[in-house]
Amino acid sequence: MSRKGWWLLLPLGLGLAGVMLLARVTLPGTGLFLSRDLDLLLILFGLSLAIFAAGVLIVKEVMEHLRQQSIEQARAEAFAEHLRFLQRLDHEFKNPLTALRAGLGTLALTLPDENQQQIVRTLDMEAQRLSRLVTDLRKLAELERLPPEFQEFSVGDFYAEISELGREQPELRERQYILYLAPEAANRRLVGDPDLLLLAVHNLLDNACKYTAPGDRIELRIFMVEDSLAIQMTDTGIGIPEAEVPLVWEELYRGGNTHDIPGNGIGLALIKTIIERHQGSADLHSRVGQGTTVTLYLPLV
Amino acid sequence: MDSRPKILLVDDEASVTSTLTTFLELSGFEVAVARNGEEALAMLERLSPALIVLDVLMPRLDGRETLRRLRRGGNWTPVILLTQIGGTPERIMAFQEGADDYLNKPFDPQELVVRIRAVLRRVTAGRQLHGARQLVCGPLSLDRLARRTYLNGREIALTPKAFSVLEYLMLHPDEIITRERLLDTIWGWDNVVGTRVADTRITELRKALGDDPARPTFIETIAGQGYRFVGQVSETSTG
Numbered sequence: 001m002s003r004k005g006w007w008l009l010l011p012l013g014l015g016l017a018g019v020m021l022l023a024r025v026t027l028p029g030t031g032l033f034l035s036r037d038l039d040l041l042l043i044l045f046g047l048s049l050a051i052f053a054a055g056v057l058i059v060k061e062v063m064e065h066l067r068q069q070s071i072e073q074a075r076a077e078a079f080a081e082h083l084r085f086l087q088r089l090d091h092e093f094k095n096p097l098t099a100l101r102a103g104l105g106t107l108a109l110t111l112p113d114e115n116q117q118q119i120v121r122t123l124d125m126e127a128q129r130l131s132r133l134v135t136d137l138r139k140l141a142e143l144e145r146l147p148p149e150f151q152e153f154s155v156g157d158f159y160a161e162i163s164e165l166g167r168e169q170p171e172l173r174e175r176q177y178i179l180y181l182a183p184e185a186a187n188r189r190l191v192g193d194p195d196l197l198l199l200a201v202h203n204l205l206d207n208a209c210k211y212t213a214p215g216d217r218i219e220l221r222i223f224m225v226e227d228s229l230a231i232q233m234t235d236t237g238i239g240i241p242e243a244e245v246p247l248v249w250e251e252l253y254r255g256g257n258t259h260d261i262p263g264n265g266i267g268l269a270l271i272k273t274i275i276e277r278h279q280g281s282a283d284l285h286s287r288v289g290q291g292t293t294v295t296l297y298l299p300l301v
Numbered sequence: 302m303d304s305r306p307k308i309l310l311v312d313d314e315a316s317v318t319s320t321l322t323t324f325l326e327l328s329g330f331e332v333a334v335a336r337n338g339e340e341a342l343a344m345l346e347r348l349s350p351a352l353i354v355l356d357v358l359m360p361r362l363d364g365r366e367t368l369r370r371l372r373r374g375g376n377w378t379p380v381i382l383l384t385q386i387g388g389t390p391e392r393i394m395a396f397q398e399g400a401d402d403y404l405n406k407p408f409d410p411q412e413l414v415v416r417i418r419a420v421l422r423r424v425t426a427g428r429q430l431h432g433a434r435q436l437v438c439g440p441l442s443l444d445r446l447a448r449r450t451y452l453n454g455r456e457i458a459l460t461p462k463a464f465s466v467l468e469y470l471m472l473h474p475d476e477i478i479t480r481e482r483l484l485d486t487i488w489g490w491d492n493v494v495g496t497r498v499a500d501t502r503i504t505e506l507r508k509a510l511g512d513d514p515a516r517p518t519f520i521e522t523i524a525g526q527g528y529r530f531v532g533q534v535s536e537t538s539t540g
């Protein structure tokens, strides 16, 4: 039976029992429906039913609460372990990579043969890629660890900053780029780290540019959803396969259809960390070949 | 007489010291190696290097403690700290404790050479400023400990990040600082997308200081590269 069902049974049971008790007390000698003893039985039955219903409800509440608590605890422990892993990874990789790059640097300065030089250049590029991965992961871990510097600022000012982001993305010249700020959102205020939020939006824009082709459309819209601010980036690009959508928020994850597009899979993980630090949430919808929509939700002051 | 500047390289990882030594020697330096802070301090009794490259995470006296002991003992040999120091507040503290510069591992060995040369140039010009409590340039004065800025004696309000940007520029006067460098030092990002935030702080600084980008007294934009503090910076230490 649904929760609503149980809630109705309780007052109903109590009401019935109450009426019969009243009848017994005010009109002694009469039974409301049946003989006196049967009446008593019915009252007791009604009251027991009501108490039983109440008892079941209470137990359900407590068990649900305990269940939530242990889920939270498990999540927190998994998160802490994940952070420790990232730190260990970073620690173990940095010295070998430093030595690798120093050695390659020496070879680049001393090898006489141009072919050998070419090989060294290729090797160094790969070492650089690894270095960037490691430092990006470290930055992500630091972001999750450090206390953020929050201040209050207006959505309008933030929108002005976001509007400037387009200047750093040359691909936008070959896309239909649409910006929109809902008028009722403009005067509202946010508490957060504007630099981090700008970074999150910049990552969204960067992804949209990367995974679209010339002629595609990119829309950045800021509007209200109930009492929260929604920042939504929509593109008509390559999209993400349905099975992969729940996985894209993980660090280093890259969709199966991104082979020809450079990237290190940090963007969405970074956005997720930033938004969570702001007590917000994010969701993503996508269709392969049609495009992707990412929406960030932030609480407003 | 060897006229190559002498570097003391301090790191507990042999693969790092051997490869870096070769590279630094090729780049025109003479290199001595210590494997931890204790060894480094002992070697400094008979060696006078032009600069110390100091790894932070080492057994038996880590880099930051070594640096503190050095400075407390009155030794102002320039120091470049290696390795990830941690979050941004720790990076800023490292400067206040007397490091001249830092470099996160893993790094491009050429980047280390560039930093070493930049620090040595500053030192030769008599401009080692990192230990100073106050930085002064004409009417502008920065109290690094209290994190306050004064223009013509009156305090001006700056966001914490803008203050850190100004402080960093003034600690490296006449050097071109790239946006990426600012981002890495003050925000803790480098190639994670977005150098705009650095530009925004520079705009805030220019407005607060009344500095005209076309005819700058303090901060100059070097097109395609970054920013530079053009004023003459001197230090005053109080107390």
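Line by line, the protein sequences are chains U and H. Sequential numbering from 1 applies to the first sequence in the numbering used here. Sequential numbering from 302 applies to the second sequence in the numbering used here. Here a beta-carbon is modelled for each residue, glycine too, at the ideal position from N, C-alpha and C. Since we're looking at a predicted model, the values are computed, not measured.
Item	Value
I want to verify the contact list: residues of chain U whose CB lies under 7 Å from the CB of H:PHE324, in sequence order.	ALA102, GLY105 and THR106
Are the C-beta atoms of U:VAL294 and some chain H residue less than 8 Å apart?	no
Do the CB positions of U:PHE153 and U:PRO183 come within less than 8 Å of each other?	no
Under 8 Å Cβ to Cβ from U:ASP206, same chain only, skipping five residues before and after it: list those, please.	GLN169 and GLY267
Residues in its own chain within less than 7 Å of U:LEU104 by CB, not counting five upstream and five downstream?	VAL120, LEU123, ASP124 and ALA127
Within the region 407-447 of chain H, note down every full beta strand (DSSP E) run reaching 3 residues or more, in order along the chain.	435-438 and 441-444
Confirm, please, whether the CB-CB distance from H:GLY338 to H:VAL311 is below 8 Å.	yes
Our contact map puts U:GLY291 next to U:GLY239 with C-beta atoms below 8 Å; I'd like the distance itself, whole angstroms only.	6 Å
Should the region 365-383 of chain H be called in touch with the region 66-80 of chain U, which here means at least 3 C-beta pairs below 8 Å?	no
Does U:SER48 pass the burial test, meaning 16 or more other C-beta atoms within 10 Å, or should it be called exposed?	exposed
For U:SER281, collect the residues of the same chain with a Cβ closer than 7 Å to its Cβ; drop the 5 residues on either side in sequence, then sort them by chain order.	ILE275 and TYR297
Tell me the rounded alpha-carbon separation between U:GLY265 and H:ARG370.	42 Å
Please tell me whether H:SER316 has its Cβ less than 8 Å away from any Cβ of chain U.	yes
Taking the continuous beta strand (DSSP E) assigned at U:PRO183, which residues delimit it?	Note, U:PRO183: premise wrong, no beta strand (DSSP E); alpha helix (DSSP H) at 183-186.
I'd like to know if the region 88-107 of chain U and the region 129-143 of chain U are in contact, where contact means that at least 3 CB-CB pairs between them fall below 8 Å.	yes
DSSP on U:ALA200, reduced to helix/strand/coil?	helix
Could you give the DSSP three-state label for U:ASP206: helix, strand or coil?	helix
With DSSP as the reference, label U:ALA53 as helix, strand or coil.	helix
Between which two residues does the beta strand (DSSP E) harbouring H:ILE523 extend?	520-523
What separation, rounded to the nearest whole angstrom, lies between the Cα atoms of U:GLY15 and U:GLU64?	28 Å
Counting beta carbon pairs with one atom in the region 209-225 of chain U and one in the region 174-181 of chain U, are three or more of them shorter than 8 Å?	yes
So what does DSSP say about U:PHE150, is it helix, strand or coil?	coil
Three-state secondary structure (DSSP) at H:VAL498?	helix
I'd like to confirm the pairing. Which residues does DSSP put opposite U:VAL301 in its beta bridges?	Note: U:VAL301 sits in no beta bridge, so no partner.
State yes or no: is the beta carbon of H:PHE330 nearer than 8 Å to at least one beta carbon in chain U?	no
Cβ of U:ASP283 less than 8 Å from any chain H Cβ?	no
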